[in-house]
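Undergrad: Numbering (UniProt numbering), first residue to last: 1 to 81.
This is the structure, below, for whatever I ask next.
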């Protein structure tokens with residue numbers, strides 16, 4: 001999954017050296033690996049399993065809320081539209 005470059009550079013600490021992020025869905029943490037090459041940023045490992053287990057489909061809205069602590073951690077909620 002691609003991540004918005006402008007958002008990443010604005011909000012992520014140590015934006016050029018981050019190798020992983022954690023997504024929380026309820027009480028379940030999901031560790032994701034991030035690849036950064038030039039102007040491209042994407043989740044390179046973990047997304048396919050995350051999407052399958054959480055039954056994500058075309059049309060599922062995923063809301064990512066950056067948490068203040070620990071660094072590079074997001075709360076994720078879902079909705080259908």
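Ideal Cβ placement from N, Cα and C applies to all residues, glycine included.
Fair warning: this is a prediction, and the values are worked out from it, not measured in the lab.
Using the three-state DSSP reduction, which class does residue 58 fall into: helix, strand or coil?
TA: Counting from one through the chain shown, the residue named residue 58 turns up at place 58. If DSSP states are grouped into helix, strand and coil, residue 58 belongs with coil.
Undergrad: Does the CB of residue 47 have a neighbour CB from chain D at under 8 Å?
TA: Annotation note: the requested chain D is absent from the structure, which comprises a single protein chain.
Undergrad: Taking only runs of the beta strand (DSSP E) that begin and end inside the UniProt domain "TF-B3" (1-81), which ones reach a length of at least 3 residues, in chain order?
TA: Fully enclosed beta strand (DSSP E) runs of 3 or longer: 20-25, 28-37, 40-45, 60-66 and 73-80.
Undergrad: What separation, rounded to the nearest whole angstrom, lies between the Cα atoms of residue 44 and residue 35?
TA: Here the question's residue 44 lines up with position 44 in the chain shown. Here the question's residue 35 lines up with position 35 in the chain shown. The alpha-carbon atoms of residue 44 and residue 35 are separated by roughly 6 Å.
Undergrad: Keeping to the same chain, check which residues put their C-beta closer than 7 Å to that of residue 25; ignore five residues upstream and five downstream.
TA: Counting from one through the chain shown, the residue named residue 25 turns up at place 25. Hits under 7 Å: 54 and 76.
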